[in-house]
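Following: one structure in structure tokens, then a few remarks.
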Amino acid sequence: MFVATLLTNPAQPNLDPALVESLRNAWGGGDVQWLSPDEAAEFTLLALPDNQWDVWADLQETGVDLVVQPVEGRRKKMLLADMDSTMIQQECIDELAEVAGVGARVKDITARAMNGELDFEGALTERVGLLKGLDEGVIQRVLKERITLMPGGKVLLTTMKANGGYAALVSGGFTAFTSSVAATLGFDENRANTLLVADGKLTGEAGRPILGKQAKVEALEQITDRLGIAEADVIAVGDGANDLGMLKRAGTGVALHAKPSVAAECEVRINHGDLTALLYVQGYARSEFVLS
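Quick note on numbering: the working numbering labels position 45 of the sequence shown as 62, and the sequence is numbered without any gaps.
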């Protein structure tokens, strides 16, 4: 048994009941269940539809995300999340670079690395090198003035944790940012790279080893083993090429507003919804969301 979930941007909900009913009829689905009026709905299916991705592409044009997955086991016990452009709306190294006056150069490297065009470790090393001499205090200033949370993140965390879930933030960014974001959102643990500092200034180097694609997979393996749960019990979310390893290994891997080359390799692609989409995908109705 499968379930098809349709959802939209909660800031501008525009899910047409007629569209949902039309798709349900075309696919011979079960009764429509509305998870949130005008925003998210689902119906069961006996088999995967042959034209799933054609329909997905058509719905993308109308601002609607479509996810089709097995019903069994979709509600997860653990969230494994990337940080940059996933739990926050920015790339932290790009924001530091703007302050340091090397923003354009660093943003170009970041974009190419996240699209899988560059080796992650080499790209990170090059970008960190451009920050050499930046005052350590700039980190807190950037956190306060330039970093904003991705909509829906707090509700995602509080709802999953209220239902017994565990949450881990694993980033190719930096502990100076993940520790703050993790504390704000309620993650149980966080892992990231370390910016080295000497005499109050960034040295232009990151601590070794560099946490990249493989380290995220290792985090998935280590944390699930420690918790005594299966990798199938994990929902992972990310947007860059260095997230693909964990997205493919997790029970549900969500490409959130991801680079096209990344989304193309994932079965669950959210381009219009926010982080609450991860709750709808698991079958939570808005009435089950925990808001604080």
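Each residue gets a CB set at the ideal place from its N, CA and C atoms; glycine is no exception.
CA-to-CA distance, residue j to residue i, given in whole angstroms
i, j, result
"Gly63", "Gly45", "Residue identity check: residue 63 is Leu in the sequence provided, not Gly. Using only the alpha carbons, I get a separation of about 8 Å."
"Glu153", "Ala215", "9 Å"
"Ile287", "Leu113", "28 Å"
"Ala57", "Lys161", "33 Å"
"Arg158", "Leu24", "36 Å"
"Ile164", "Thr176", "23 Å"
"Ala236", "Asn31", "37 Å"
"Thr127", "Val20", "36 Å"
"Leu135", "Arg129", "6 Å"
"Ala280", "Arg266", "15 Å"
"Pro87", "Leu36", "22 Å"
"Leu264", "Gly270", "4 Å"
"Glu59", "Gly300", "8 Å"
"Val285", "Ala272", "6 Å"
"Gly245", "Leu97", "15 Å"
"Arg303", "Gly139", "43 Å"
"Arg41", "Glu305", "24 Å"
"Ser197", "Gly221", "22 Å"
"Cys311", "Thr142", "A query on residue 311 cannot be resolved here, the shown segment of the chain reaching from 18 to 309 and no further."
"Ala200", "Glu78", "37 Å"
"Glu206", "Ser188", "11 Å"
"Thr195", "Leu212", "12 Å"
"Pro27", "Glu108", "23 Å"
"Gln106", "Val155", "19 Å"
"Arg225", "Asn210", "8 Å"
Assigned secondary structure, residue i (DSSP; H/G/I helix, E/B strand, else coil)
i, result
"Asn210", "strand"
"Ser304", "helix"
"Ala98", "strand"
"Gly262", "helix"
"Asp55", "coil"
"Gly270", "strand"
"Asp152", "strand"
"Ala28", "coil"
"Leu23", "strand"
"Gln77", "helix"
"Gln157", "helix"
"Arg286", "strand"
"Thr165", "coil"
"Gln299", "coil"
"Val84", "strand"
"Leu173", "helix"
"Thr61", "strand"
Beta-carbon spacing of residue i, residue j below 8 Å
i, j, result
"Leu228", "Arg243", "no"
"Val16", "Ala223", "Outside the shown range of the chain, which is 18 to 309, sits residue 16, and nothing can be said about it."
"Leu315", "Leu173", "Beyond the ends of the chain as shown, which are 18 and 309, falls residue 315; an answer cannot be given."
"Gly262", "Gln231", "yes"
"Gly203", "Ala184", "yes"
"Val307", "Ala179", "yes"
"Gly255", "Asp99", "yes"
"Pro168", "Asp291", "yes"
"Gly150", "Leu219", "yes"
"Val119", "Leu147", "yes"
"Leu76", "Leu83", "yes"
"Ile110", "Gly217", "no"
"Met131", "Thr61", "no"
"His289", "Gly47", "no"
"Ala258", "Ser278", "yes"
Min CB distance residue i to chain D below 8 Å
i, result
"Arg243", "In the structure shown, chain D does not exist; there is a single protein chain."
Sequence ranges, alpha helix (DSSP H) only - wholly within the segment 185 to 256, length at least 4: 192 to 202 and 230 to 244
The segment 91 to 101 contacting the segment 60 to 79, beta-carbon criterion three pairs below 8 Å: no
Meets three-Cβ-pair contact criterion under 8 Å: the segment 121 to 138 and the segment 244 to 251: no
Length-filtered (3 minimum) beta strand (DSSP E) runs lying within the segment 86 to 139: 95 to 98
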